[in-house]
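Peer 1: Numbering (the numbering used here), first residue to last: 0 to 103. To start, I am sharing the structure in question, which I have written as structure tokens.
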Amino acid sequence: EGLISASLSSQRFNVLLLGAFAGLALVLAAVGIYGVLSYTVRRRVREIGIRMALGASHSDVLRLVVADGMKPILLGVALGLAAALALSRVVASLIFGVRATDPL
0 EGLISASLSS QRFNVLLLGA FAGLALVLAA VGIYGVLSYT VRRRVREIGI RMALGASHSD
60 VLRLVVADGM KPILLGVALG LAAALALSRV VASLIFGVRA TDPL
């Protein structure tokens, strides 16, 4: 058991390191999205105020802000999926025995 644990220690470290970088990337992405939404709302404060003065409810304003925020997110997800699909096919053609549908 000790031999197996020793042989897997480098792989465990690599997984831990990859998980830490993935978590950091997720935090950075969330902060970036928050920054973009904050900038968008600050830029449109006057418009939002006019909409509310004309009778828009808080949920209408929230829906407007979220819809504007989701557009770049959905575009990024679509581009990321397309790039992942294309790169998986490239990797599959370069490495023998690896298919694009193989799990990690």
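Where is the CB? At the ideal position from N, CA and C, for every residue including glycine.
(1) Less than 8 Å between the CB atoms is what I'm expecting for V35 and R50, so what's the real figure, rounded?
(2) Once DSSP output is grouped into helix, strand and coil, what is the label at I94?
(3) Hey, V40 and V65: beta-carbon distance below 7 Å or not?
(4) If you draw a straight line from the C-alpha of A5 to the C-alpha of L16, how long is it?
(5) Would you tell me roughly how many angstroms separate the C-alpha atoms of L93 and R45, rounded to the nearest one?
(6) For a test of the three-state rule: what should DSSP assign to D101, helix, strand or coil?
(7) Going by DSSP, what residue range makes up the alpha helix (DSSP H) through L7?
(8) I believe I47 touches I72 by the beta-carbon criterion, under 8 Å. Please report the beta-carbon distance rounded to the nearest angstrom.
Peer 2: Based on what the coordinates show:
(1) With 8 Å as the limit, V35 and R50 do not qualify as a contact, their Cβ atoms being about 20 Å apart.
(2) coil
(3) no
(4) 17 Å
(5) 55 Å
(6) coil
(7) 1 to 42
(8) I47 to I72, Cβ: 20 Å. No contact.
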